[in-house]
Structure formats: C-alpha cells, structure tokens
Amino acid sequence: MSEQPARTLVTSALPYANGPIHIGHIAGAYLPADIYVRYLRSRKRDVVWVCGSDEHGAAITLRARKEETTPRAIVDRYHEEMQEAFRGLDIAFDHYDRTSSEEHHAFAQEFFLELLKKGAFTEETRQQFYDPVEKQFLADRYIQGGCPKCGHDGAYGDQCEKCGSALSPEELIEPKSTLSGATPEWRETTLWYLPMDRHEDWLRTYLEEGKLDGEDHHDAAAWKSHVLGQCRSWIDGGLQSRAMTRDLDWGVPVPVEGADGKVLYVWLDAPLGYITATRNWAAKKGVDWTPYWQDRDTQLVHFIGKDNIVFHCIIFPILLKEHGDYLLPHNVPANEFMNLEGDKISTSRNWAVWAKDYVEDFDGRSDEMRYVLASIMPEQKDAEFTWLDFQSRVNNELADVLGNFVNRVFVLTGKFHGGKVPGASGQWTAVDQALLDLMSTTPDAVGTAIERYRFREALQHAMGLVRAGNKYLTEEEPWKVAKTNPERAADILHLALQVTANAAILLAPFLPKTASKLSEALGTAGLPWDAAGAALVTEGQPLGTLPILFQKITDEQVEEQQSKLGPELEGMRDVEPEKGETSFDAFQDMDLRVAEVLAAEKVKGADKLLQLTVRTGYDERTVVSGIAEHFSPEEVVGRKVVLLANLAPRKIRGVVSQGMVLMASTEDGGLRFVTPDEGAEPGDIIR
RNA sequence: GGCGAGGUAGCUCAGCUGGUUAGAGCGCAGGAUUCAUAAUCCUGAGGUCGAGAGUUCAAGUCUCUCUCUCGCUACCA
C-alpha cells in the first residue's frame, strides 16, 4: 500500500428501507463519509462514494403485511424519502442505488454462484417450519408464539421483543404462522451456510497486523480501538457457521435449481450492493468500474455505525476473499452511537431527531446541523446530542465566531476600501507573520485529521484559524489605524481577507453551503484544497454581498424541538401492537393463581435471575424469575403475586422453575409486580 | 457470567509509541474594546486524570484488583 492510494472507494452503510433517517444515522455513517469525500474531491484525488437503500429482508415483508401493502411499496416510499433527507443535509453521494434493482439481483446471483463453485459454502438440511396454507417456509420472524422464557404471547421465532431474548422457532409455545395464522409444520429445507471458523487464522492476521496473503495490506494501527476490540472479541469467541440463504420470497432468489422460494440472506446481499452501486455509477459515467474494486492501488473504506462492525470486518471480508477477485476493506472507521437528550435514540418511541423534520423546520440551514454533528461525532465513544447544546454551538461558534468574523471583514472592507480587496505592502509585522504561518499550516492540520478519521479535531483546526482571525482584527484595530496609517490598515484587512478565503476552503467539507457563499463573494470559488495555505484573493477584487451567515437559534426553537420528542399522540402510547386474536379456550388453558413469595435468593452465575420460593396455598414451589436487575431478594419477600401456575416446568440455569410470576414491563424499562388487591389469598384463582 | 469500549475541569470532549507547571471549546468571574449578528479580545478561578496497589529515575499514559457506564454475548422474566 503506497502512501497515497491511486484511488479511494468509499461506502456508507446501506440504510434499511424500513424507516426514516435520523441524526444518529447521519452522525454515524453519512456525515463523516461526506466530509471525507468532499475533502478528497477538493484535493483532486480519485474518489468514488457509493451508497443505496437496503431493500430486502423479512422485516420489510412483515411490515408490508401489517400495513396491507406490498414490500415494493414500502421500499419505494423510503427509497425516495431517505434520499430527500440526505439531499436536505447536503450528503452528496456519487451514486445512490438500491438492492432491489435488476442489476443488483443479477450481480449478487453471479457472486453467489462463484462462491458456490469455489466451495465457500456448506449445504445443510435442517428442519424448518412450513406454512401449509401459504405453501412456503417461514423465516424466523414469521413465526409467532408464546415466549418460552417470559411467556409473552407475541414472541417471534428469532427474538422475543418483550424480554429481548434470542430464540429459535422450535422453542415457541404454540407457534403460529403470522402469514396465515395456521399452525406450521416441520419440513426439511436445505440452506447454504458460510463456515466462518475456517477463516479465523487469516482474519486475525488481517485485522491485527494489516497483512493479507503474507503482504502488507493496511495500517492496522490506524483502525479504531473499539473496532478492533469487537472483532477480536468475535474471533476469540470462535466464529460460527451462518446461514447465507433464507426461505423467503422477498430478496435475491438463490440461483440454483430447486431453490425456489429461497433468497440470499440480506447480509450477503446488502454489502454486495456496494459493488453493484459502483458498477452502476461507472456505467452512468461511462468509465471502468473494475479498478475501484480490483486494483491493488485502491483504498476501500467503509463508513458504518458500530452495530455493523462484525459484518464489515469479518463476514464481508470472508466473502470477498473467498471470491478472490475483490479488494478487502483498508479501514472501517465505525462510529459509536449518538444519544439524544439523555436517552438512546429510539424509533419506536419517537425519541429521535428525524433528518426530514430538521430540514423542514430549519430550511436551508443544513450547515448548522452538520457543524454540530461534526463537533460531537461519536468517534471513539457514544456521544450525546441535546438541543441546548445545538443552540449554544450554533450561536456561540457558528454565528459569533465564524459568522461575525466574516461579517467584520466584509463590513470593514466596505467602509474603508469601497468593498474591494485592498493591496498589501508586503511589509509584514511579526504578528502578521504569525497569522500567515498559522494560515499555511492549518490546511495540513485539517487534512491530516480528516485522513485519520478525526473529524472533530479537523473541524477544531479549521475553526482555530477563524478564531485567530478574530483575535488579529481585535488586536490590530484596522478601524483605528485607518485614520493615521491607511497603508497599514490595508495590510491588515488584506490579510484578514486571505484568512477568510482560506477558511472557505478548509470549512467546505463541513459546511458546504456556507463555504460556497463565502468563496463566491470573495471571488475564490472553485479553488482546490491545495491552493489553501497561501494568498487567494487578489487586489482590487470587488466583494460580493453577503447575507448574515448564521441566524441565532432562539429559546423558542429549542423548546419547540424538545417538545417534539417522545410519543406523538396525546395520552396515547406508542407501544408494540396488539397481538392477534386469541380464544376463550386458550385463555382457559392458563391457570393463574395468587401466590406469596416466601423466600428469594440470587441464582449464582446469572445476572438477571432470582430464585423464588412461593406459597400457592396448596403447595410451595420454586420459581425462577428474571427480575434480579430490578428487585433485590429482600424487596420481593412477602409480596403477593400473580402466578402462571400450570406453565410447563423448565430448567433454568440448573434450577427447575415451576411457573411464572407476572410482571408489567413499564415504559421506563423497568418491571412492576402485578399484585392482587387486599384480601386475595394464596391459592385464589384468577379468571 | 464471558468479551469489548469507556470513566480526564460545572458541561461536551482531546491527550499519539510513559518524560518539563494535565489541554481545547462552551459555561463562570474580572477587565479591554466598539469595525461587527450585545458580537470580539485578554486575564483568572476550577481537575486527588473512577478507587486502590504495583512496575519505573519518571504514569492520565504500562500491569493487577475493585467499581460505575455503554455495547455484544450467555443464562432469562
């Protein structure tokens, strides 16, 4: 790998076309990539940035059924909406594609076949649920039933959303197909698996040392520690086989005879979308796409959020290497998560700042959001966005430092030099020289930080030049000097203008709108990055008119935005949807009783479990309950509770649990006992 | 329980391969100034660098133990 790659291919995580984009997404994978790419473009490097909608997967079909529409309609809607959000924040991909395109299907199939031919997969036949009414195999998410863990009656085959536990479909109590409501049957199906354990050795070398096939591949030290840490954790834990196909009808069909009703697993399908997108971009431009994915002088960078690390650093590299013709990532600068006003961002609770809403509420003010997000980007650890912080950064830094500096320079030039760039004598004082020095070193400081994916630091450096400009004006006082020494005053303003023009270039990756307004007004539009560091504006150049760059964010705006967070409906909660209809008989099957907790102790080796001894009035029994994180043993002894008494006994962590204690799970993420009213005694039947 | 990442000024965070009095921005106090969006500039207060032990001539920076937060994972209501 040479110091400077011949070209760079940048990707941002394909957003899932199942919901709108929020600032967490932007700060995680799109804004950093946008800054990085704008910088490289400004340096006139060969760079291509691709992205696209990830439009397959069970969640989308499930949602389509729920909304009584088609998967196509869902993905079409979000494909458009997401692009609108990106455009509104000036996130400027070279190409934005979608995985449901014909080209992608064809390419993904071709890629799959190649892997098949190379023996990358193992074929395994397993029992799987089949819906006899809809005549299809059921993906895990299409099966609903009682959760074996918490008893919650709407658990999915892969996960119970109530208790968060990972499940496999056969564990469900009374499983039902969510498609037809029918009871599914066991049938054999054949799926292709990726045996990842085969790849542990070279992956370790690739990640830890940056070496591939015995050659230097990338600088492993340049990777973020949390990215490497996660990968190490996965590999050390032993990599498992993972199914690369699914029985589903929405996705890229498996191109093998007899594989009707099977599609590629979205996690095989989606990253290949990067390649398809590049091919489509190249076709559009009439250039050859292959160097971007196959030439060793290309640098491949994936921008993602931390939830995607394992796929981009382990699974996708395995696929690429097995294929053999493609480059592996040179860096995956994953960001951590962005929290919001003290809580994690949550789509279902509407605890999010939606990109689309921001663009509507703050029309034309994309730079403000970009600036704030770049300032607090979760580069090494989770970060937090608050509207008060947004206000203070916009007002104190953008408006007061940058906006005001620019305004001072323009007003002074207007007043003392008729709005034209004054000439300079070339007689620089020590103070001038210090500023000139800073001006000449800042581009490199900013650029180096960007190339190291340290965007906050880069922005600090760029703003540092502006701060120095303010200091310079305040201390040199050209408005005073002009009265006694007009030549000196001209020098000062000339230099201040050079600083402004430099700032326009350096800030452009972060604040594209502002930067172009500035460089237009200064007559320096279109100058590349490498021009920065020196004099840019020329004597006599008339300045354009410049509006106030940044309006202050008012307290009212802050309050308005804060009040938008959370559930939208007055008095109504946005909770998980009601389950499908049940029958009286099914209810009758449950034997609910009042019981009293006699004793409680923690189950050793488990964080969440309490072992309870309860009195039912007719016996005493042991119940294991996953409430240890919410209640101490002392707190629960003596309580009257509601017990599901006839639940099949189950061995949990070595202890046989005979029944289940009912709890209400509350909005704050806690649990509350369901307690019978005064007078109810152990053994009382609940019906 | 296992693994990973964090715990640094009131707030948001930097501190690379250990080395002079631990930094930035905001906030706060005092002052200067008026060209400018009541903006700007200077000065100052403020930190036992989560706790404890160890290695070293020297530790925020390395090792161990403990503790708290976040994430993945296991057990799981």
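Residues in the first sequence are numbered from 340 upward in steps of one, following this note's numbering.
The beta carbon of each residue, even a glycine, is placed where N, CA and C say it ideally should be.
All values derive from a computational prediction rather than experimental measurement.
Cβ shell of residue i (< 7 Å), same chain only, five flanking positions each side left out
i, result
"valine 805", "Val740, Leu741, Phe744 and Ala842"
"tyrosine 631", "Arg346, Leu348, Val387, Thr617 and Thr637"
"asparagine 670", "His557, Ala561, Trp562 and Val640"
"methionine 606", "The sequence given here has tryptophan at residue 606, not methionine. Answer for tryptophan 606: Phe650 and Ile654, listed in chain order."
"alanine 1019", "Val933 and Lys979"
"threonine 853", "Asp706, Leu846 and Leu888"
"alanine 609", "Leu353, Asp393 and Thr438"
"valine 994", "Val942, Gln950, Thr961 and Val963"
"valine 785", "Ala797, His800, Ala801 and Leu845"
Residue nearest to residue i in terms of C-alpha spacing, selected from the options
i, options, result
"threonine 955", "His969, Leu937 and Glu449", "Leu937"
"glutamate 935", "Ile413, Ile574 and Lys979", "Lys979"
"lysine 463", "Tyr811, Asp558, Thr584 and Asn670", "The identity of residue 463 in the sequence shown is glutamate, whereas the question assumes lysine. It is Thr584 whose Cα lies nearest to the Cα of glutamate 463."
"serine 685", "Val387, Gly391 and Ile360", "Ile360"
"alanine 582", "Ala673, Ala609, Ser687 and Tyr532", "Tyr532"
"isoleucine 482", "Lys515, Ala871 and His538", "Lys515"
"tyrosine 469", "Ala459, Phe460, Thr529 and Val897", "Thr529"
"proline 867", "Leu948, Gly703, Glu959 and Tyr378", "Tyr378"
"glutamate 968", "Arg795, Leu948, Thr400 and Gly998", "Leu948"
"glutamine 880", "Met535, His756 and Tyr375", "His756"
"serine 564", "Pro344, Val897 and Glu547", "Glu547"
"isoleucine 966", "Ser572, Phe450, Ala1003 and His434", "Ala1003"
"glutamate 718", "Trp690, Arg791, Asp599 and Phe1012", "Arg791"
"aspartate 958", "Ala854, Gln997 and Gly703", "Gln997"
"lysine 754", "Trp767, Lys822, Arg704 and Ala622", "Lys822"
"glutamine 466", "Leu578, Ala598, Glu524 and His364", "Glu524"
"arginine 992", "Ser580, Ala945, Asp436 and Arg704", "Ala945"
"aspartate 536", "Ser580, Gly883 and Glu513", "Ser580"
"aspartate 869", "Thr781, Pro1021 and Ala559", "Thr781"
"lysine 810", "Asp783, Val838, Asn824 and Pro668", "Val838"
"histidine 434", "Asp586, Lys624 and Glu554", "Lys624"
"valine 1013", "Ala397, Val1000 and Asp1023", "Val1000"
"aspartate 771", "Ala835, Pro851 and Gly663", "Ala835"
"leucine 775", "Gly872, Leu751, Thr752 and Leu812", "Gly872"
"arginine 989", "Met421, Gly600 and Ile512", "Ile512"
Residues near residue i by beta carbon distance below 6 Å, same chain, minus five either side
i, result
"serine 858", "Ala843 and Ala864"
"alanine 356", "Ser392, Glu394, Val414, Tyr417 and His418"
"isoleucine 648", "Val566, Gln569 and Ala673"
"phenylalanine 794", "Pro371, Ile374, Ala713 and Met716"
"threonine 725", "Glu680"
"valine 698", "Gly427"
"serine 351", "Ala368, Tyr369, Ala372, Cys390 and Phe642"
"histidine 364", "none"
"glycine 762", "Glu878"
Rounded distance between the beta-carbons of residue j and residue i, thought under 8 Å
i, j, result
"proline 371", "phenylalanine 642", "6 Å"
"leucine 798", "phenylalanine 849", "6 Å"
"valine 962", "leucine 951", "5 Å"
"leucine 454", "phenylalanine 460", "6 Å"
"alanine 366", "lysine 695", "The Cβ separation is near 16 Å, so there is no contact."
"alanine 847", "leucine 875", "Incorrect: roughly 13 Å between the Cβ atoms, too far for contact."
"glutamate 736", "methionine 802", "7 Å"
"leucine 300", "valine 595", "Given that the chain is displayed from residue 340 to residue 1026, the structure contains no residue 300 and the question cannot be resolved."
Residue i CB to nearest heavy atom of the ligand MG below 6 Å
i, result
"leucine 904", "Although the ligand MG was asked about, the structure shown includes no ligands whatsoever."
Same chain, Cβ closer than 8 Å to residue i, neighbours up to 5 away in sequence not counted
i, result
"glutamate 909", "At glutamate 909 the pLDDT is 45, less than 50, meaning the model places this residue with poor confidence and gives no usable figure here."
"threonine 544", "Lys550 and Leu551"
"isoleucine 1025", "Leu931, Arg932, Val933, Val981 and Pro1015"
"leucine 1010", "Ile966, His969, Phe970, Met1002, Ala1003 and Ser1004"
"glycine 883", "Glu859, Ala860, Leu861 and Gly862"
"valine 976", "Val936, Leu937, Ala938 and Ala939"
"isoleucine 789", "Ile374, Tyr375, Tyr378, Ala797 and Pro848"
Spell out a yes or no on whether the segment 655-674 and the segment 377-390 are touching, meaning 3 or more CB-CB pairs, one atom from each, closer than 8 Å. no
The segment 978-986 contacting the segment 924-942, beta-carbon criterion three pairs below 8 Å: yes
Could you tell me whether the segment 815-835 touches the segment 720-736, using the rule of 3 or more Cβ pairs below 8 Å? no
Is the segment 712-729 in contact with the segment 436-451, if contact means three or more CB pairs nearer than 8 Å? no
Can you list the alpha helix (DSSP H) stretches of 4 or more residues lying completely in the segment 920-983, in chain order? 923-927 and 972-975
For the pair the segment 678-694 and the segment 811-819, tell me if three or more CB-CB distances fall below 8 Å. Verdict: no, contact absent.
In chain order, each beta strand (DSSP E) run of at least 3 residues that lies wholly inside the segment 381-436: List check, beta strand (DSSP E) in window: 386-392.
Just list the alpha helix (DSSP H) runs in the segment 818-858, keeping only unbroken ones of 4 residues or longer that don't cross its boundaries, in chain order. List check, alpha helix (DSSP H) in window: 825-846.
Report the start-end ranges of each beta strand (DSSP E) in the segment 564-627 that is 3 residues or longer and not cut off at the edges. 580-582, 584-586 and 601-603
Threshold first: 3 residues or longer. Then list the beta strand (DSSP E) segments lying entirely within the segment 710-778, N to C. If we require 3 residues or more, the beta strand (DSSP E) runs fully inside the segment 710-778 come out as 722-724.
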